[in-house]
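Novice: Same order as they appear, the protein sequences are chains A and B.
If you use the working numbering, the first sequence corresponds to residues 1 to 159, in order.
If you use the working numbering, the second sequence corresponds to residues 160 to 779, in order.
The beta carbon of each residue, even a glycine, is placed where N, CA and C say it ideally should be.
Just passing along the structure, written as C-alpha cells.
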Amino acid sequence: MKTPDLTKLDTILERHEAAERSLIQVLQDVQKEYRYLPREAFEKVGRHCGVSVARVYSTATFYKAFSLVPQGEKLVRVCAGTACHVRGAGLLLDELERALSLEPGKTSPDGKITLKTVNCVGACAMAPCVMIDGEAHGNVKPGEVVTLVKGGRRDAAAD
Amino acid sequence: MQRLTSPDALEKLRAELAGKRQAIKKTVFVCCGPGCLANGSRKIADAIGLQMEKQKVDASVGYRRCTTGCHGFCEQGPLVIVQPGDIFYCKVKPSDAATIVERTVKGDELVERLLYLDPGTKQRCKAFTEIPFYAKQTRVALARIGTLDPTDLGNAIASGGYASLAKALFTMKPDQVIDLVDRSGLRGKGGGGFLTGRKWRSCVKAPGDRRYVICNGDEGDPGAFMDRATMEGDPHCVIEGMIIGAYAVGSHEGYVYVREEYPLAVEYMQLGVDEARKAGLLGDNILGSDFSFDIKISRGGGAFVCGESSALMRSVEGKVGEPRAKYIHSVERGLWDQPTVLNNVETWATVPVIVQKGVDWFRSMGTKGSPGTKAFSLSGQVRNTGLIEVPMGVTLREVIFGIGGGLFKRRTFKAVQTGGPSGGCLPEDKLDLAVDFDELTRAGSMMGSGGMIVMDDRACMVDVARYFTAFLVDESCGKCVPCREGTKQLLALLTDITHGNATEDHLARIEALAATIMQASLCALGKSAPNPVLSTLKQFRQEYLSHIEKKRCPAGVCKPLTRFVIDEETCTGCGLCLKACPVDAIRGEKKKPHTIEPSKCITCAACREVCPVDAVEVAS
Ligand SMILES: Cc1cc2nc3c(=O)[nH]c(=O)nc-3n(C[C@H](O)[C@H](O)[C@H](O)COP(=O)(O)O)c2cc1C
C-alpha cells in the first residue's frame, strides 16, 4: 500500500477542537476524505485529541463507520434491516455476491467497488433498499440490482 | 434572519411571516422523506421547480415550491401535495411535473390519474384527509412534518415554532415546566417508557457543577425510521423541546447524538441549530431572557449499543461506546460524570406541544398508564407502509389492518415484530391487544422505539430469531461475557436449527442459556437479547419443532430445510417462473404444468415470488 498524502489531515484537525471529545468526529472526517483511516495519521490525530495511539486504534476498530483498509471508489451497501430482511434483502446480497465475486465487507482487487451490508438506513417503507454511494434505491428486485450497481437505470419509472 | 431579543419580536416576526404566507396563492409540497427520496423524489422536486419557472407560476407571482420531510404514506411515494385543498398526488414521476403545474397549479383542476385510489371504496380521494391511512391517525410529534421546509427556520416559526419556548421562558418557572411534564404523564419514546417528568426532576436534585441535556437520535433499531423522519422533517421541534428541557433542569449545554447512517439528519439538525443560534433562540440570553443554552451535534460511529444511555454518553465524550453498570444513574452521573437528561427525539418533539396545549389535552389521548400518542414506522409485508402516529391504546389490528390496509393479496398475517432486537413477535391472537408500553411488555414483546414490521406466511420465525441474534452478536460491545459469548452460543444453536442439525435438546439449551444472558448481562442490550428468540419460541413453538423433528421449514425460508415443488393442479403454465429461475431448474411447456428439477434448484425462491397463482409450494 503506498503512503497516503497526509497534507489534508491538518485542515481536518484545524476544524475540530483539540479535545478528546473530538476524536470520533475527527476520525469521521478522515474516513470521509481518504475513504479509510490511514495508520500514518493516528499519531497526529492522537496528539490533537490528547489521547494515545492505542486509544485512537481502539476507537477506530470499535465503530463500524471506520475502516483500516481503503474502501472502493464505489460503495454499495445492501440494507440488512428487519423490513429489508423479510422483503428479500438476502436475495439481493446473494445476487451481488455472485455477480461481483465479492463477499460482503470486501473490496474488489482493482479498488473500484466495495460491497457491504448496513443495519438499516431508515428507508424501511421502501424495502428492500440498496445504498449506492449515499443514494438510496428502494423496492429493488433481484433481477435489477446488478444493473443498478453497475450504474444503469432500472426502469422508466426512475427517469 | 434578524436576532430576536424578546418574545414580542418573535410574535412580530411570526405575524409578518404569516402575512407573507397569505399572499401565496398556491404551494406545491414535494415529499423528500426517507421513502420518497429512495424513490427519486429529488428529481421530481427539480422537475416541478423547472416547470413552475417555465410556466411562469413562480415565487415572484405568489407561487411556491417547498421540499418537505416525510409526509407519511411512503408506499404511495413519491408524493406531491398542492395547497390549498390538501390535494394529494401519489406515485408521481418527473414526467408528471408539467401536467401538475399546468392543471393544478396554474389552473384549478385535478389530475385524476394521480389521485389516490381507495381500494375499499374504489373511489379516488381528492384530499389526503379523506384517505383512511391519514384519517385514522392523530399527529402530535409529527404534526408539522411534511408541511414545512425543514431547512428554513422561518417556515417553522410561521407554523407556530418556538411559541412554547417563549411561553415557558417568560411565563413559567423551571419547576413549573417540570411539574407540567410530570402531570402530563409523558413517557419516554425511546423504548423504556420512563416517565419524562420524573427523570428531569431526578436530574435537578442531583448535585453537580454543570448539567447536560442530550437528544438520542441514534435510532439503531433496524426497522425504525421515526426519529430519522423527525430530524429530517422538523428539526426545530426537537431543538425547541431541548431548550425547554434545558431551561427546566438548568442546563446550558446540550448534545444531539445522531447516527452516522443518517447523513441528512446530521445536516438538517446542524443547520437548524445554526439558524436558531443566529435568530437568538440558542446561545446567550435566549429571546432576551437571562437563560443561555447551546447545542452541539455529535455524529455516532455506527454502533447499535451507542443508543444505550451510558454508552451514548461515552461516545459523545469521544470514547468507545461501552455501557456502564446500571447502579450508576446517568441522571446523576452522566456525561463527563455530571447530571444529565437523555431523551429520545420523539420525546423532545412532544414537549413543546404539551407546553402549548396543556396536560388535559395531552391526557385526553391514549391510555391511563401511557397518555398521548406514539409514532410508528410501519413496514414489512403490509400494504400501506409508512410513518404513522396514533393515540396509545389503539389495537394492533387497527394499526395493521385499519391504517396499514392489511396484507397483500393472497398473503395471510403471521406475526408483527415490535421493539426491534429487544422486542418480539406477536401472532394473530394478540392482534386485539392495545398498543401501549405495559400491554406489549406483558404479551412478551415490547413497544421499543416504534418499529413495527408485519410478517406474512412466508416469514420463518426461527429465521427471524436467528436474524436478530446475529445482529446482536455483531453489535454486542464485548465488555461483558454473558452478552459477548452468550449471544454467540445462542446464534450457534439457532443456526443448528435452521440448518437441520438440531435435536430437541436444543430448545432446552436455548432456554437455559437465555435465562443466564438475561440475568447476568451488564446492560439492557444483553438483558433483552434473548427476547426475539424467547417470544418466537413461546408463540411459534410448532415451527421450531418442525425444523428440528421434520427437518422442514414450513415457510420455505431456511434453505437446507426447504424443497420447492410446483402444484400440478394450480399451475397454469404461464412460464413466469421459468423465466425468473436463475439456474434453469424449471421445465415445462406453455399452458402445461411446470416442474422443478431438485438437483439444480438453489431454493432462491425467485419462482415463488413471481408465481401469480401461488402454485410454488414447500414440499411436505
Ligand atoms: C441497546 C440499546 C439501544 C438503544 N437504542 C436507542 C435508540 O436508538 N434511541 C433511543 O432513543 N433510545 C435507545 N435506547 C434507550 C435509551 O437507553 C434511553 O432509555 C432513551 O434514549 C431515553 O429516552 P426516553 O426516556 O425519551 O425514551 C436504547 C437502549 C439500549 C439498551
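Less than 6 Å separating the Cβ of D377/B from some heavy atom of ligand 1?
Specialist: yes
Novice: Can G236/B be considered in contact with ligand 1, in the sense that its beta carbon sits closer than 6 Å to one or more heavy atoms?
Specialist: no
Novice: I need the boundaries of the beta strand (DSSP E) containing I183/B, first residue and last residue.
Specialist: Run containing I183/B: none; DSSP gives neither H nor E here.
Novice: Taking the C-alpha atoms as reference points, what is the distance between G244/B and P193/B?
Specialist: 25 Å
Novice: Which stretch, first to last residue, makes up the alpha helix (DSSP H) that contains E73/A?
Specialist: Premise fails: E73/A is in no alpha helix (DSSP H) and is neither H nor E.
Novice: Using only alpha-carbon positions, find the residue among K527/B, F699/B, V510/B, E548/B that is nearest to D588/B.
Specialist: F699/B
Novice: Unbroken alpha helix (DSSP H) runs of length 4 or more, entirely within the region 319-361 of chain B: which are they?
Specialist: 322-330, 333-343
Novice: Closer than 8 Å by C-beta to T662/B: which residues in its own chain qualify, once you throw out the five before and the five after it? Chain order, please.
Specialist: I707
Novice: Mind listing the chain B neighbours of R87/A? Cutoff is C-beta to C-beta under 9 Å, in chain order.
Specialist: S538, G539, Q540
Novice: Which same chain residues end up closer than 7 Å to K455/B when comparing Cβ atoms and leaving out the 5 residues on each side of it in sequence?
Specialist: Y414
Novice: Tell me which residues of the region 605-616 of chain B have at least one Cβ-Cβ distance to chain A shorter than 8 Å, keeping chain order.
Specialist: G610, I612, M614
Novice: Return helix, strand or coil for G392/B, following the three-state DSSP convention.
Specialist: helix
Novice: So, at 7 Å on beta carbons, what are the nonlocal neighbours of I403/B in its own chain, with the 5 sequence-adjacent residues on each side left out?
Specialist: S323, L324, A327, V336, V510, P511, V514
Novice: Using the beta-carbon count (16 or more within 10 Å), is A156/A buried or exposed?
Specialist: Only weak support is given to the placement of A156/A: the predicted model assigns it a pLDDT of 38, under 50, and the question is left unresolved by the model.
Novice: So which residues on chain B does Y63/A lean against when the C-beta distance must stay under 7 Å?
Specialist: G460, G461, A462
Novice: Is N502/B helix, strand or coil by DSSP?
Specialist: strand
Novice: Are C233/B and T544/B closer than 7 Å when you measure CB to CB?
Specialist: yes
Novice: Is DSSP giving G90/A helix, strand or coil here?
Specialist: helix
Novice: Closer than 6 Å: is that where the CB of F353/B sits relative to any heavy atom of ligand 1?
Specialist: yes
Novice: Among the residues of its own chain, which have a CB less than 7 Å from the CB of L276/B, if the five just before and after it don't count?
Specialist: R283
Novice: Please classify V777/B as buried or exposed, where buried requires at least 16 other C-beta atoms within 10 Å of its C-beta.
Specialist: Result: buried.
Novice: For A765/B, which residues in chain A fall below 9 Å Cβ to Cβ?
Specialist: L91, P142, G143
Novice: Any idea what DSSP makes of H658/B, helix, strand or coil?
Specialist: helix
Novice: Could you give the distance in angstroms between the alpha-carbon of G607/B and the alpha-carbon of A206/B?
Specialist: 39 Å
Novice: Taking just the CA atoms, how far does F567/B sit from H230/B?
Specialist: 22 Å
Novice: How would you list, in chain order, the residues of chain A whose beta-carbon sits under 7 Å from the beta-carbon of Y421/B?
Specialist: What Y421/B touches in chain A: G122.
Novice: Shorter than 7 Å from the beta carbon of P193/B to some beta carbon of chain A?
Specialist: yes
Novice: Less than 7 Å between the beta carbons of T310/B and L430/B, yes or no?
Specialist: In terms of Cβ geometry, T310/B and L430/B form a close pair [threshold 7 Å].
Novice: Quick one: what's got a C-beta closer than 8 Å to S52/A's C-beta in the same chain, skipping five residues either side?
Specialist: G46
Novice: So, G685/B versus C636/B, is the Cβ gap smaller than 7 Å?
Specialist: no
Novice: Quick check: V742/B and K718/B, are their CB atoms within less than 7 Å of each other?
Specialist: no
Novice: When you measure from the CB of N502/B to every non-hydrogen atom of ligand 1, does any distance come out below 6 Å?
Specialist: yes
Novice: Beta carbon of D595/B, beta carbon of G552/B: below 7 Å?
Specialist: yes
Novice: Between the region 455-471 of chain B and the region 54-70 of chain A, do at least 3 Cβ pairs fall closer than 8 Å?
Specialist: The region 455-471 of chain B makes contact with the region 54-70 of chain A: 3 or more CB pairs, one atom from each, lie closer than 8 Å.
Novice: Ligand 1 and S468/B: does any heavy atom of the ligand fall closer than 6 Å to the residue's C-beta?
Specialist: yes
Novice: Do the region 107-116 of chain A and the region 160-178 of chain B meet, that is, are 3 or more Cβ pairs less than 8 Å apart?
Specialist: no
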